Amino acid sequence: MGLLATLLIFGVSLSFASAERPMRRSLVFPMETDNSYVELVPQKDLDMGAFTLCMRVATELAKGNREIILFAYRTLYFDELNMWREADGRYGLFMSGEGVFFHLPELNTFQTHLCLTWDSKSGMAAFHVDGKRSIRKVYKSGHKVQNGGKVILGQDPDSFLKDFDSKQSFVGEITDVNMWDYVLSDAMIEALHVGKRMPRGNIFDWETIELIVNGNVKVITEEL
Amino acid sequence: MGLLATLLIFGVSLSFASAERPMRRSLVFPMETDNSYVELVPQKDLDMGAFTLCMRVATELAKGNREIILFAYRTLYFDELNMWREADGRYGLFMSGEGVFFHLPELNTFQTHLCLTWDSKSGMAAFHVDGKRSIRKVYKSGHKVQNGGKVILGQDPDSFLKDFDSKQSFVGEITDVNMWDYVLSDAMIEALHVGKRMPRGNIFDWETIELIVNGNVKVITEEL
Amino acid sequence: MGLLATLLIFGVSLSFASAERPMRRSLVFPMETDNSYVELVPQKDLDMGAFTLCMRVATELAKGNREIILFAYRTLYFDELNMWREADGRYGLFMSGEGVFFHLPELNTFQTHLCLTWDSKSGMAAFHVDGKRSIRKVYKSGHKVQNGGKVILGQDPDSFLKDFDSKQSFVGEITDVNMWDYVLSDAMIEALHVGKRMPRGNIFDWETIELIVNGNVKVITEEL
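Encoded structure:
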């Protein structure tokens, strides 16, 4: 009798626990602007010899139209680490100069899980789309990302946090932006894609990140 | 012993119950007309500050040809809540005036599970196609859907339940139309897509809904 | 001890049994001809007020080129039940006169599981492609398929088993042709698509069917 009672209580508490669903913030950029963006405050400095950058992103801006800025980290004089969807549909990584480009599936109105990894030692860069890795390309081996800038979503700063061009702005929805100062394995990125929340980002952790919103960006809290 | 016997009987009756396969009504609109439509009788008034509208829909009317009305709720002077497939293939939500448009996969001869959500407070509107959510768009925050009209499938009334245009009529098959006066979570809509029947619609519940058929519309009962 | 031994032997014999993989005949029509066809001998008369016709079919004859006969049941004066891939890519069902047409995915070099259902009472006709049902169309309600003809694959007889046109002949591979004189549920057809062999066809059952081969048609036996 005592055992049965315990089981019932356990069952009840379990179902209560599962009723508390995890929540997640999502950023909605409703229209083309040259002043709407979100600054991401990092947990530690961005002097990095390697990184993994992940986000979930949806947009209806079709390729062939124009480029779209997906992530911009700029110091006073340099675009330290920019991720673009190019006008021709390719994806580009730029670190202080010429970029490297990848042919990936087109972004669309449904969420795509996008990760980008780079390692200075080997120079290997690769994208992961919905958990599947692209080919690796050699890019700027020996290079280092410098500290002292700002990371923003939504706009490309042609100088330090200004000179935005609405024709490069992001329109759509971005969430679950996480960054690590090392390269995650393919298996880890596949796990992140299907919703596993480990390892937590040590540069940006979307669960606890501080966001500074400017202009017309809606911050939605959604149930997972 | 008595408890065990009860459990066994309970188990048996459950399995018998599941042997009775559920049935579902489906509406077949066989051809273009300007007089065939189905009125849906709601369970409660449609004065709504938020909604979720779902249906399973199949049509062979390709995009590029013409627009298709998917759902029309009209009061005496206003199109309160209309859902369209536009001639250019986009999907539109219209509430008393200008619409908001989404780029979604094309409807086809196989069933697509389509949901549309909107919330007055945030103004967020989104489609869900076969369980996947589109980007959210900001639309008419602060607006309210008014009571006192009629909901029909198959035609777009340019005045109150008349002035139908055959070139906007629906041709194909619609079933499982459900409506709630609140926004369902992404996870709930994904569950509905794969056939879970909870939560039941509190505005329209397809299992019990009263349908008033006009003109050439076939009501099929299909095994699920 | 004796019981345990029995169980072990039973287990062993079961695993041997499952090692005998089922086999299936497949018909290869290697080239355009006006004389190659296969007659299917039915298990019972074809006077039918309803039917389900299924087959697995692969062809590299692209749409836009020419029509392809997929199934022909002809009595002395009538095309009782013909299934076509039209030159424009649509699929057609013809019973003694005008046909009804469906927009379905194109046949290709890989096997497509194709089913066609029709019921005289409601007049509802629908295709199922790889387990997914098309919209239903109303066609010849009240009509009956007549007895006394021949069913052939590969050619369209413009008179009783002659007057073949090579430009309508089938080129490719057909297997698993089954027919019932009633309409199978969507769930049953989905089960057939994924390889379930129940219910067995009561007009044609591909496992036991008698085939009469004419001309250049190869009968392959393949392991499933």
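Chains as they are written, first to last, in this note's numbering: chain G, 72 to 295; chain V, 72 to 295; chain D, 72 to 295. Using N, Cα and C, we set each Cβ at its ideal position, and we do this for glycine too. Treat the numbers as computed from the prediction; the structure is a model and nothing was measured.
Range covered by the alpha helix (DSSP H) that runs through HIS264 of chain V | DSSP places HIS264 of chain V in the uninterrupted alpha helix (DSSP H) bounded by 257 to 264.
Proximity winner among V:THR180, V:ALA196, V:TRP251, V:ASP150, relative to ASP227 of chain V (alpha-carbon distances) = It is V:ASP150.
List, in order along the chain, the chain V residues whose C-beta lies closer than 9 angstroms to that of SER256 of chain D?
-> Against SER256 of chain D, the close residues of chain V are ARG92, GLU293, GLU294, LEU295, in the order they occur along the chain (beta-carbon pairs closer than 9 angstroms).
Determine the chain D residues that contact PHE181 of chain V at a beta-carbon separation under 8 angstroms, and present them in chain order.
-> For a Cβ distance threshold of 8 angstroms, residue set VAL200, LYS203, ARG204, SER205 of chain D lies close to PHE181 of chain V, ordered along the chain.
Along the beta strand (DSSP E) that carries THR183 of chain G, what are the first and last residues, could you check?
-> Where THR183 of chain G is concerned, the enclosing beta strand (DSSP E) stretches over 183 to 190.
Who does ALA196 of chain V pair with in a DSSP beta bridge?
-> Bridge partners of ALA196 of chain V: V:TRP189, V:LYS208.
Does the distance from the C-beta atom of PHE173 of chain V to that of SER205 of chain V stay below 8 angstroms?
-> Taking C-beta atoms as the reference points, PHE173 of chain V and SER205 of chain V count as a pair closer than 8 angstroms.
Going along chain V in order, which residues have a C-beta closer than 7 angstroms to the C-beta of LEU175 of chain D?
-> Around LEU175 of chain D, the beta-carbon contacts reaching into chain V at under 7 angstroms are THR180.
Distance between ILE274 of chain V and LEU79 of chain V (C-alpha atoms, nearest Å) | Note on LEU79 of chain V: pLDDT 38, under 50, position unreliable in the model; the coordinate value appears next. Spanning the two alpha carbons is a distance of roughly 38 angstroms.
Taking 8 angstroms as the CB-CB cut-off, is LYS208 of chain D touching chain V?
-> Yes - at least one Cβ of chain V is within 8 angstroms of the one on LYS208 of chain D.
With 8 angstroms as the threshold, decide whether the Cβ of SER191 of chain D is near any Cβ in chain V.
-> Not an interface residue.
Pairing CB atoms from the segment 240 to 256 of chain G with CB atoms from the segment 128 to 141 of chain G, are three or more of them under 8 angstroms?
-> Touching, yes.
Residue(s) in a DSSP beta bridge with ALA158 of chain V = DSSP lists no partner for ALA158 of chain V.
Sequence-distant residues of its chain with Cβ nearer than 7 angstroms to ASN249 of chain D (five each side left out) = Once the five neighbours on either side are set aside, the close Cβ partners of ASN249 of chain D are CYS125, GLY272, PHE275, ASP276, TRP277.
Length of the line joining the Cα atoms of ALA262 of chain G and LEU117 of chain G = One alpha carbon belongs to ALA262 of chain G, the other to LEU117 of chain G, and they sit about 25 angstroms apart.
With DSSP as the reference, please indicate the residues paired to MET94 of chain V in a beta bridge.
-> MET94 of chain V pairs with V:GLU294.
LYS238 of chain D - DSSP class collapsed to helix/strand/coil = In the structure shown, LYS238 of chain D sits in a helix (DSSP, three-state: H, G or I).
DSSP on TYR253 of chain D, reduced to helix/strand/coil?
-> Residue state, collapsed to three classes: coil.
What is the C-beta distance between THR123 of chain G and VAL290 of chain G, in whole angstroms, given that I count them as a contact (C-beta under 8 angstroms)?
-> Beta-carbon to beta-carbon, THR123 of chain G and VAL290 of chain G are separated by about 24 angstroms, too far to satisfy the 8 angstroms threshold.
With burial defined as no fewer than 16 other Cβ atoms inside 10 Å of the residue's Cβ, what is the status of ASP229 of chain D: buried or exposed?
-> Exposed, because fewer than 16 other Cβ atoms sit within 10 Å of the Cβ of ASP229 of chain D.
First and last residue of the beta strand (DSSP E) that includes MET126 of chain V?
-> If you look at MET126 of chain V, you'll find it in the beta strand (DSSP E) that goes 121 to 129.
Through-space distance from PHE241 of chain G to GLU294 of chain D, alpha-carbon basis | GLU294 of chain D and PHE241 of chain G have their C-alpha atoms roughly 54 angstroms apart.
Apart from the five residues on each side of it in sequence, which residues of its chain come closer than 8 angstroms, Cβ to Cβ, to GLN239 of chain D?
-> Closer than 8 angstroms at Cβ, skipping near neighbours: ARG137, GLU138, ILE139, ILE140, GLN226, ASP227.
Skipping 5 residues on each side, what residues in its chain have a beta carbon closer than 7 angstroms to that of GLY286 of chain V?
-> These residues qualify, in order along the chain: THR104, ASN106, SER107, TYR108.
Confirm, please, whether the CB-CB distance from THR183 of chain V to VAL200 of chain V is below 8 angstroms.
-> The Cβ-Cβ distance between VAL200 of chain V and THR183 of chain V falls below 8 angstroms.
Cut-off 6 angstroms between Cβ atoms - residues of its own chain near HIS282 of chain D, not counting five sequence neighbours on either side = In the sequence as displayed, the identity of residue 282 of chain D is Leu instead of His. Excluding residues up to 5 positions away in sequence, VAL109 lie with their Cβ nearer than 6 angstroms to the Cβ of LEU282 of chain D in the same chain.
Straight-line gap, LYS134 of chain G to GLY266 of chain D (C-alpha atoms, nearest Å) | Between the alpha carbons of LYS134 of chain G and GLY266 of chain D lies a gap of roughly 41 angstroms.
Rank V:SER167, V:MET154, V:SER256, V:ALA197 by C-alpha distance to the C-alpha of ASN218 of chain V and give the top, closest one.
-> It is V:SER167.
In its own chain, which residues sit with a C-beta less than 7 angstroms from the C-beta of ALA121 of chain G, not counting the 5 before and 5 after it?
-> TRP189, ASP190, SER191, ASP252, TYR253, VAL254, listed in sequence order.
Mind checking ASN179 of chain D: buried by the 16 CB within 10 Å criterion, or exposed?
-> So ASN179 of chain D ends up on the exposed side.
Roughly how many angstroms lie between the CA atoms of SER97 of chain V and THR292 of chain V, to the nearest whole one?
-> Between SER97 of chain V and THR292 of chain V, the C-alpha separation is close to 6 angstroms.
Contact under 8 angstroms by Cβ, VAL222 of chain G with LEU111 of chain G | Contact flag set, yes.
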